[in-house]
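Q: Numbering (full-length UniProt numbering), first residue to last: 1 to 511.
1) Buried or exposed: residue 118, going by 16 or more other Cβ atoms within 10 Å of its Cβ?
2) For the stretch 228 to 293, which segments carrying the beta strand (DSSP E) assignment without a break, of at least 3 residues, lie completely within its bounds, in sequence order?
3) Which residues share a DSSP beta bridge with residue 147?
4) How many angstroms separate the CA atom of residue 139 from the CA atom of residue 334?
5) Going along the chain, which residues of its own chain have a beta-carbon closer than 6 Å to the beta-carbon of residue 105, five neighbours each way excluded?
6) Are the beta-carbon atoms belonging to residue 388 and residue 404 less than 8 Å from one another?
7) By alpha-carbon positions, which one of 508, 474 and 392 ends up nearest to residue 491?
8) Distance, Cα to Cα, residue 234 vs residue 218?
9) On the criterion of 16 or more Cβ atoms from any shown chain inside 10 Å, does residue 47 qualify as buried, or is it exposed?
10) Quick check: what's the CA-CA separation for residue 275 versus residue 381?
11) Near residue 195, which residues of its chain fall below 6 Å by C-beta distance, leaving aside the five closest residues on each side in sequence?
12) Determine the closest residue to residue 489 out of 208, 214 and 354, with distance taken between C-alpha atoms.
13) Using three-state DSSP, classify residue 382 as helix, strand or coil.
14) Evaluate residue 223 with the Cβ neighbour count: other Cβ atoms within 10 Å of its Cβ, from every protein chain shown; 16 or more gives buried, anything less gives exposed.
15) Using the three-state DSSP reduction, which class does residue 513 fall into: helix, strand or coil?
16) Counting only the same chain and skipping the five closest in sequence on each side, list residues whose C-beta sits under 6 Å from that of residue 434.
17) Please go through the same chain and pick out, in chain order, the residues whose beta-carbon is closer than 7 Å to the beta-carbon of residue 483, but skip the five residues on each side of it.
18) Taking all protein chains shown into account, decide if residue 358 is buried (16 or more other Cβ within 10 angstroms of its Cβ) or exposed.
19) How is the beta strand (DSSP E) around residue 600 delimited, first residue to last?
20) Which of the three DSSP states, helix, strand or coil, is assigned to residue 76?
21) Considering only the beta carbon of each residue, do residue 364 and residue 485 sit closer than 8 Å?
22) Between the Cα of residue 75 and those of 64, 56 and 90, spot the shortest distance and give me the residue it belongs to.
23) Any contact between the stretch 407 to 427 and the stretch 470 to 480? By contact I mean 3 or more CB pairs, one from each, below 8 Å.
24) Taking C-beta to C-beta, are residue 328 and residue 472 nearer than 8 Å?
25) Near residue 146, which residues of its chain fall below 7 Å by C-beta distance, leaving aside the five closest residues on each side in sequence?
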């Protein structure tokens, strides 16, 4: 970690570029030979705001939290063009004919991306790599799909074993159509079908389709993801998803319900990794187009979310109904260790009994995990039965910046507050208060409701996972310059606490 000023608002374990602007994750894949994770991303190295020319940046990691920067991966031909979002596949059996036997089958990397040209026309192109994803050669017969459109982009491609073909999921963005194409060689594509559902907003972006295992089962379902910007119901940018079946030609959703992937303001353009060894893993851009170009920074702007492991599980949305939902759990590798911690079991807090973990030499990286039950089943609607987790900065100029996460037992809801009076940043669209209703995770032997909360704080971003990942909330926050998270506290807000904590863990972390 560098000096505090140069690292202002730069997370430690959420990927950020060395300099410049970052947005959508692209081309995520796992190199099985080298056991190495690759991410590419929309990248402007010439400034800390979005702008053309736009490139694919590139980074790699052994553990998904400590990243190594690499040279530009794919570049546009002209300064008023862009290599827009796309994906990468591993062409194990060389369907494309780009590779010979000298290239390991697990490193036959093909990128599929949108080329945005000088006339703003968007076409789908491919490029291949002969060095495991570090440099690329563009296919001479590009584009592979050209519909003569200006709003046609973001291809996500994968191999569908059951129908023995490559599948491309791509959007006619302002026609609100997710299009499904098939190919046997990555070069020649045939249109199969359209899918349209959920919130429209202004336009569709960054679609995806991936198979997700169902917990405690040998079965799986297909999950269609779709980004909306602007015009999401929570403001600006967000991701929605649909659960269903896919036969290689049509996606059939189980229901008409649109589900939100992450209820925070800063989770967009989700993409899953190709060629993972087991299960489903993905990440997103941790920002929002409402204010992404404006947030305080130094020579770089924006970060990715942490990588998450995805499963499906039936969860209660009320006492009578369960629905199949995405479960999201952050990947926290063993390379992340505790500098110091407070761990309690069977803890009964009172208003004067505060748990406080203060870091003497703070990294700005903390996490917390709570498992708690509510000792009464009913309350007056006028009661306030709450607790807070306070993430606070060091004292500077007799001031402390605070971010708050809490739970209200009366209405069974979590809340989040990132309202900080920042001298250098004020934005009407930077929603400072968010909340979500939650049914209990389970009930104890006395039929008392049990809940869980996990959170990880990384300098200027906080990811919250409610009830073992049944709901996720990702938000950035911006303390005043020179300030960053320095302590974490658990506080109850009433004399006779109705909470019993089966587990409390507050940790100051380092990478």
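Ideal Cβ placement from N, Cα and C applies to all residues, glycine included.
A: By the coordinates alone:
1) exposed
2) 238 to 246, 251 to 253, 268 to 272 and 280 to 285
3) Bridge partners of residue 147: none, in fact.
4) 40 Å
5) 92
6) yes
7) The shortest Cα separation from residue 491 among 508, 474 and 392 belongs to 392.
8) C-alpha separation (whole angstroms): 35 Å.
9) exposed
10) When rounded, the separation of the alpha-carbon atoms in residue 275 and residue 381 is 51 Å.
11) 178 and 251
12) 354
13) coil
14) buried
15) Outside the displayed span of the chain (1 to 511) sits residue 513, for which this structure offers no information.
16) 416
17) 393, 394, 396 and 401
18) exposed
19) Residue 600 lies beyond the stretch modelled for the chain, which goes from 1 to 511, so this question has no answer here.
20) coil
21) Cβ distance < 8 Å, so residue 364 and residue 485 count as in contact.
22) 56
23) Here the stretch 407 to 427 lies against the stretch 470 to 480, with 3 or more beta-carbon pairs under 8 Å apart.
24) yes
25) 123
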